[in-house]
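This note's numbering puts the first residue of the sequence shown at 247, with every later residue one more than the last. Backbone N, C-alpha and C define an ideal beta-carbon position, used for all residues, glycine too. None of these values were measured; they are calculated from a predicted model. Notes follow the structure.
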Amino acid sequence: MAKTITCLYENHDQLNQFIQNHELCEYPNLLVQVFSSNIDQSFLLQLHTEIKSILPLATVIGCTGAGEIIEGQMVESKAVISFTIFEKTELTSVLLHQNDYENSYEMGKSLAQQLLVFDTKAMLIFSAGEHVDAQSMLNGLYEGSPELIVAGGLAGNNGRLKESYAFTGEDVTTQGVAAVALQSDQLVAEAYRNYQWQEIGKSFAITKAKGSNIYSIDHKKPIQVLKQYLGKSFVDDLPDSGNEFPFIMKDKGEKVPLFILEILKNGAIRVNRKISEGAEITFAYPDIEGIVESSLQNMRHLAKKQVDTIFVYDCMARKRFAPDFTVKELGMLQSISSTNGFFAYGELTGGKTGAPQLLGHALTYLALSENSGQKQNNHKLTFKYTSPAYLKNVTALTHLMQASHNDFFLLNESLKVSEQYYESLFNTNTDLVFSTDINGQIKSVNPAFEKTFGYSRAEIIGKSAMKLINSEDVPRVRMHFSKALKGKEQYYNVTIQSNSGETNLFQIKNIPIIVNDECVGIYGIGRNITEQKKIEDKITELAYYDHDTGLPNRVKFTEQLENMLSRAKRKKRMLAVLTIDIDRFKLINDSLGHFAGDMVLKELAYRIEKALPGGSYIGRFGGDKFTVVLSKDVNVEEVMKNSKMILQEISKPVEHKGQDFYVTASIGVSFYPEDGLDEHSLLKNADIATNRSKNQGGNRVTFFSNEMNDQAITRLELESYLRRALQKKEFYLMYQPLIDLETGKIFGSEALIRWNHPKLGRVSPADFIPLAEETGLIEEIGSWVLRTACKQNKKWHLLGYDRISVSVNVSAFQFQQPGFLKDVKRALNESRLEPHYLTLELTESTMLKNVDYSIETMRSLQKLGVKVSIDDFGTGYSSLSYLKDLPINTLKIDRSFINNLRVNTSDIAIVKAIITMGHGLAVKVLAEGVETKEQIDLLKELKCHYAQGFYIHKPLMITDFENGLKETEILKK
């Protein structure tokens, strides 16, 4: 995974110590980002030199800005250094000077040539200097790489784009770009940009311009237009004030901001991008409500993903204009993952988010992860924001300005209607337009009307508009017509057949025609929405219905459940919520494949739906989980009857390619109002009951109880504690002696993990080990146990007990991980323990999950010199044909056979058979759970090699175990 750590620079010694403390010199793929609002050239050069001297192999990139962002916090006049460690991503950087190229577009093309390779996933770019046309540079970069993800920003200096700096590890520029490419096919990169503008006032035309300089707006000097509309104070405060009131211009179909960078001679202005004469521009102001809503939606989206680190490039104008929201927004990002960056004077973004752009007043970020297969565990995060009073006032003022503009616009249009309405509403309108008198007789139609319906003007004028529609729609349309005559605008959809017989769906708008305060007819404006309606229906289907089964998905089902709860509350009726989970469905997917699994799920969905009584509602929540609401005759007996019917339908054989397959299901039930008053509580409690059904073997129905909820909460609490136990050093190891039955001496130990929690006390391994396996934490915990046990065993060797070995249990999850062998080698290397003193204990089920993989891994372990033992032998389902092929050193007889080991019992026969088999396979046999001298004597008689158990000794702390090592023959005690 990618990991970012950050440092506020103070001096050389502090930086050097920070780098040494975090061992940053050891990482081959280290990205160092440096951001500073201190623009003193000597300071920057000194810092640049220090970093390269300490980390000569690191990839360095940075620039000056208007403030720094460190771990989601804003700082000023500091130097922030972030160090991002990549495991699977290679880094390549370059610095280009504008003077070396004819224009910025060519510089962008050069950037692509030097950095883009087949696996370049993303690029960071920092631009410095007023001579760099950042938009043109992006256009050149994207000429041959439209899918490239880009993030970055424009460097600055105290509000002026002069003498800003961008740099890499090799060079510094005041007129150019610094860039670094992130190259990996395993890197997941997601770029985001949040900027929304609200246009205010009239549109202006650029009447004279060259490059990025504007000399005339509506044939007036730009400075005059700015003073007229925004006032002298605004002009005096440029260019800082320009970040809050930019122009908006349409560029390739998208609205982009034009920020005023400089006032030129003779009242001209220079803006942040090239502009053409004839372009239309409008004043704009940030859409605060839209920005906040978009940001919150994105936070919720991002929190569901695996994110290792976030590089954020925020606009200095947002910090100035909305400081409260800027602080909260950065804090939200930090709650998802480490968030670092700077405040820029223009933000660069592009790739999957859309065309490459130079933005302003925007938040942009690049979220990175090298672990695409994992899911983010941020389900508990919530993102809310309440605007402070000043932002609400600004929003209200903006609305007022827009509304006033609209009022003036409508007033102006009404003055021109006598000479312009015909052309604008009829002849040049691409929508069909017609007018009628108060009786509904058509008086005029536009060319689009004639083309759409195939009627000429002469054929249609004077006819009743009602003749065009189906008779069943006439009453509804007549109602809308009457309301329009009363002065109310009307919108409705209606099906209309053309002269050729083709039928389409149209959206019609009726507007009253008012002359001298009297309605004399209506205008009708229509648009063919047939294809749009099909698309909307498809979108609705995708958004609210499961693709495989056609059933409502989680969103639609929850919405319907909420509605049904409202009705149940009003009518004081009960509801039952059932969650149905198909038992062991993974076996179907694994054996038949996912396509066949989907077919089986469709069949099961059909069966469940067929078994439901009237008044039911069914949905699919993904995977093999279905959810049902029962609303009629809801009582325990009836619900149990319906549930058993569902189980009966599911249990019938499913035929696939001539073969029958059998599945069962687990059902959990919660009742309204007894088990919950809202949809979320009912679904949660039904889930808890379903889990109880599955834990009890499946193929059963379980009704929710408060005891289950308490157990679920306790389990969640234990999981929360478990996730922090390793970090808080709450785990420790105990060691149980392993005895050679022939000599009576200790020859080794079994390392056993224990957990001492400050609140819960000692937690039984039987409680936390299964939970660790279920959550995946067992891999990290198992790795810690392995390293700790090896180090301790090596310490005993150094104390003179150089023949002692150690056994470590390995979970199935840990054993199946691709990096398991590396973990073993790492433990041996770190401890310097000779491999033949380490035994790894695996259960039968662990080895048989994937026999070929298991055998290969076990052989690799033995090649290292590590010994392999089968733990709890006799309790699994090992096939003898597999057993003879398994590369093992030891069989451990399960304690269940040793507990009742007596003369003339069946257990002694089983134990004797296992020991005999062990001798035949040339492997050692160890009996665990020995608790009596009689058992020891019998095991010796049966020629068992080793033993362990409470009769010999219980698990011991390190000191007590060392005391035991001093005993020559521990069995004689």
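Coil, strand or helix - residue i by DSSP
i, result
"Phe557", "strand"
"Thr776", "helix"
"Met980", "strand"
"Met820", "coil"
"Lys454", "strand"
"Thr641", "helix"
"Thr338", "strand"
"Ala1168", "coil"
"Leu1221", "Past the boundaries of the shown model lies residue 1221; the chain is included only from 247 to 1219, so the question cannot be answered."
"Thr1178", "coil"
"Met353", "helix"
"His547", "helix"
"Thr1162", "helix"
"Cys253", "strand"
"Leu407", "Reliability of the predicted coordinates at Leu407 is poor, the pLDDT of 46 falling under 50, and no value is obtained from them."
"Glu326", "With the sequence shown as reference, residue 326 is identified as Val, and Glu is not the correct amino acid for it. Strand at Val326."
"Lys1186", "helix"
"Ser995", "strand"
Residue i and residue j closer than 7 angstroms at C-beta
i, j, result
"Thr528", "Val558", "no"
"Glu322", "Gly313", "yes"
"Gly415", "Lys298", "yes"
"Ala1168", "Ala1193", "no"
"Asp1048", "Glu1087", "no"
"Leu979", "Thr1034", "yes"
"Gly606", "Pro503", "yes"
"Tyr347", "Ala374", "no"
"Asn762", "Ala730", "no"
"Asp560", "Leu627", "no"
"Ile688", "Ala704", "no"
"Lys1138", "Ser1115", "yes"
"Phe567", "Glu616", "no"
"Gly592", "Leu604", "yes"
"Ile315", "Leu276", "no"
"Leu387", "Gly422", "no"
"Phe264", "Phe588", "no"
"Gly524", "Phe413", "no"
Close-in-space but distant-in-sequence residues of the same chain around residue i (CB under 8 angstroms, 5 per side omitted)
i, result
"Ile775", "Asn739, Leu751, Phe752 and Gln753"
"Ala368", "Leu394, Ile395, Val396, Ala397, Ala427, Leu428, Leu433, Ala435, Ala437, Gly597, Leu612 and Leu614"
"Arg406", "Reliability of the predicted coordinates at Arg406 is poor, the pLDDT of 49 falling under 50, and the value obtained from them is presented with this limitation in mind. Cβ within range, chain order: Pro485."
"Glu1026", "Leu972"
Closer than 6 angstroms: residue i CB and nearest the ligand GTP heavy atom
i, result
"Ser449", "The ligand GTP is not among the ligands present in this structure, which contains no ligands whatsoever."
Residue of the options minimising C-alpha distance to residue i
i, options, result
"Val573", "Glu317, Leu484 and Asp482", "Glu317"
"Lys1200", "Ala704, Pro983 and Thr250", "Pro983"
"Asp719", "Ile1154, Thr741, Gly839 and Gly733", "Thr741"
"Pro569", "Glu593, Gly1164 and Pro634", "Pro634"
"Val326", "Asn349, Met383 and Thr250", "Thr250"
"Leu254", "Lys709, Ser328, Val640 and Gly308", "Ser328"
"Gln942", "Glu965, His926, Ser912 and Asp924", "Ser912"
"Leu821", "Gly767, Val885 and Ile834", "Val885"
Proximal residues to residue i (C-beta, below 7 angstroms), its chain only, five neighbours per side dropped
i, result
"Met1203", "Met980"
"Gly390", "Ala358"
"Ala1159", "none"
"His726", "Gln736, Tyr738 and Asn756"
"Ser356", "Leu342 and Tyr347"
"Phe629", "Leu542, Met545, Arg546 and Met578"
"Leu678", "Asn692, Ala694, Phe695, Thr698 and Gly772"
Close beta carbons around residue i, own chain, < 6 angstroms, minus the five adjacent residues each side
i, result
"Met1093", "Ser1100"
"Asn945", "Thr910"
"Thr948", "Gly914, Ala935, Arg938 and Ser939"
"Met1104", "Val1114 and Pro1133"
Determine contact between the region 836-849 and the region 895-910, defined as no fewer than three beta-carbon pairs at a distance below 8 angstroms.
yes
Can you find at least 3 beta carbon pairs, one from the region 804-819 and one from the region 869-880, that sit closer than 8 angstroms?
yes
Quick test of the definition: if touching needs 3 or more C-beta pairs under 8 angstroms, does the region 530-549 touch the region 272-289?
no
Sufficient close CB pairs (3 or more, under 8 angstroms) joining the region 885-896 to the region 922-933:
Taking a cut-off of 8 angstroms for Cβ pairs, the region 885-896 and the region 922-933 do not touch, as fewer than three such pairs fall below it.
For the region 865-875 against the region 793-811, do three or more pairs of beta-carbon atoms, one drawn from each stretch, fall closer than 8 angstroms, so that the two count as touching?
Judged by Cβ distances under 8 angstroms, the region 865-875 makes contact with the region 793-811, as three or more pairs qualify.
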